[in-house]
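Shown next, in structure tokens, is the structure this report addresses.
Residue numbers (our numbering): 0 to 600.
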């Protein structure tokens, strides 16, 4: 008797179903690693974390605190892109596994359905938002674990289900705050639609609404909004549109569809070889989600801020050339990079300067938000008091931020404030990423005579301002003048002052600064371009500077003026941009803030 060979199609289908998840999540991993870059999420959030009992207690004092504590711990490893991408990918996999386990109780035939991947796709969209905190994801996953635990009790008597519901609700509320609602709503639907136990579902609804009120009234100091919605609603400036709410409503909707018997039609989207359409749809949806959710502008801003934080000035300038941005923080860091690479007086107008002086110092409304970056600027100039002022502004907004603790520690060491320096270094020694840094600088507290051995601190000592003066945060260029009055050799202050004169067209003051002997006989290119504009506008005053201008500058200016006088503004501007867009002359006519404002009207 000859037996028939097994049909290969079911085997191929099972292999496809087996291989699809690893291949899918491997693609997600490399997308997160190479495109999103978790290090930029760390750059955006700078999550604080200390291995300290007191630090842990602060998070145990309110609902949702433990999710935030675990989030801050895991987010430290975003600093290492490979580990950060692995953490995010594990969250995507956990979403799939929990969704598969939950849907198995609703409709076992959906074990390979496209519907199982929808939460992972939504979560990938959220990870594309650099402001998205891991605490939201962890709390949501906790709520799914609670739903799964409750589903496993369907054969148990109502009294046991009630006791487990109360226990899980309290536990999830304490660890995940508002995500208790995401657990409770499916439990209510299960009792109402599947078990037809309206009394129990009504009590669940009452308990779901009463628990936050009781917690706020007797146990925790909470506002009504935070009692019910903390972690559930994004906070601060993070506004991810409708994606998190679709994710929150996904399972309640799935339960209602299952209760109405409407999930059977979804079998056409089963992910196996016979359903190639479903596989293609999954890949297409994921690619579309990645394309739509990725924010290239935010990526550029954070990448530039990352390079500035790590003093990678050439990489910063290369990135700005490849990915131009009109963001003011990008302009601010670009000018810092130009100074640190020695190119500010000769290549400043090669880069976008339409923000004018605000691109040097940041506008007042932005300085409050980017206070650590403003502190970086004054630190570079050796203006320790103002650097300390702005880092304390940062401390009031972001407690335990390692960056402000580092800055305060160094300033305190330079000022001889050993108490504050010790406090900052002690806190940093309890971190994961900055422990070695703290141990490196700690000996300088008790051994200040070793400061000259440290290249950075020795350099900052040479620039330090020793005389007090009244600062003017509204007009920071006045502070620069005061710095130069004390230390004429402060190159950064001088170049920023000269840039301010050019950006504000105070060329007479630029000439006066040059006459005071701040520069060598050779003048950088932009100074020459500004001088020839001054000579042109004043009919040859200070004509002795002509001898310091190169023939190339004189020839270029004459040609520029001829081209600018053609009459056809649009055509002349295009021609001038191509040949002289990198000059101070082009900035004066077309790229200054007044022109930008006029064009925007």
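Glycine residues also receive a C-beta, built at the ideal position from the N, C-alpha and C atoms. Since the structure is predicted, the reported quantities are computational estimates derived from the model, not experimental observations.
Taking a 10 Å sphere around the C-beta of residue 528, we find 16 or more other C-beta atoms and assign the residue as buried.
DSSP places residue 400 outside both helix and strand once states are collapsed to three, so it counts as coil.
The DSSP-derived three-state label of residue 127 is coil. The beta-carbon distance between residue 149 and residue 170, rounded to whole angstroms, is 12 Å. This is too long to meet the 8 Å contact definition. Within a 10 Å sphere around the beta-carbon of residue 511 sit fewer than 16 other beta-carbons, which makes this residue exposed.
Under the three-state reduction of DSSP output, residue 63 falls in the coil class, being neither helix nor strand. Taking the C-beta atoms as reference points, residue 336 is found nearer than 8 Å to residue 315. When 415, 496, 463 are compared, the shortest CA-CA separation from residue 478 is found for 496.
Taking 4 residues as the shortest admissible run, the segment 521-583 contains the following complete alpha helix (DSSP H) segments, listed from N- to C-terminal end: 524-536, 550-563, 568-579. Along the length of the segment 26-86, whole alpha helix (DSSP H) runs at least 4 residues long occupy 37-44, 52-58, 64-74, reported in chain order. Three or more Cβ pairs closer than 8 Å define a contact, and the segment 97-113 falls short of that threshold against the segment 43-53. Inter-residue distance for residue 121 and residue 290 is about 13 Å (C-alpha atoms, whole angstroms). For the pair residue 300 and residue 325, the CB atoms are not nearer than the 8 Å cut-off. A buried status is given to residue 491, since no fewer than 16 other beta-carbon atoms sit within 10 Å of its beta-carbon. For the segment 308-344, there is no continuous beta strand (DSSP E) assignment of 3+ residues that stays within its boundaries. Two segments are said to touch when three or more pairs of C-beta atoms, one from each, lie closer than 8 Å; by this definition the segment 200-211 does not touch the segment 87-107.
Close CB contacts of residue 145 within its chain, under the 7 Å cut and outside five residues either way in sequence, are with 167, 171, 182 (chain order).
If you compare the alpha carbons of 187, 277, 310, 323 with that of residue 297, the shortest gap goes to 323.
Remark: three or more beta-carbon pairs, one from each stretch, lie closer than 8 Å, so the segment 127-143 and the segment 178-192 are flagged as touching. The Cβ atoms of residue 443 and residue 423 lie no closer than 8 Å to each other.
Between the C-alpha atoms of residue 37 and residue 194 there is a straight-line separation of about 44 Å.
Taking the Cα of residue 353 as reference, the smallest distance to any Cα among 581, 62, 46, 20 is reached at 581. Pairing residue 359 with residue 214, the inter-Cα distance amounts to about 49 Å. Ranking 376, 456, 445, 345 by CA distance to the CA of residue 413 puts 456 first. DSSP places residue 503 in no alpha helix (DSSP H); its state is neither H nor E. Of the residues 537, 401, 524, 574, the one whose Cα lies closest to the Cα of residue 47 is 401.
Under a 10 Å Cβ-count criterion, residue 276 is classified as exposed, with fewer than 16 other Cβ atoms of the shown protein chains found around its own Cβ. Residues 31, 126 of the same chain have their beta carbon placed closer than 6 Å to that of residue 87, with the five preceding and five following residues left out of the count.
When the beta-carbon positions are compared, residue 251 and residue 188 come within less than 8 Å of each other. Each residue's CA atom was taken as its position, placing residue 482 and residue 489 some 8 Å apart.
Sequence-distant partners of residue 90 (beyond 5 residues in either direction) whose C-beta falls short of 6 Å from its own C-beta, in its chain, are 136.
Taking residue 428 as the centre and dropping the five residues before and after it, the same chain places the C-beta of 434, 437, 438 closer than 7 Å to its C-beta, in chain order. In the structure shown, residue 433 adopts coil according to DSSP, grouped into three states. A Cβ-Cβ contact shorter than 8 Å links residue 255 with residue 192. Membership of residue 381 in any alpha helix (DSSP H) is not indicated, and neither H nor E is assigned to it by DSSP. In this structure, residue 343 lies near residue 494, with their beta-carbon atoms less than 8 Å apart.
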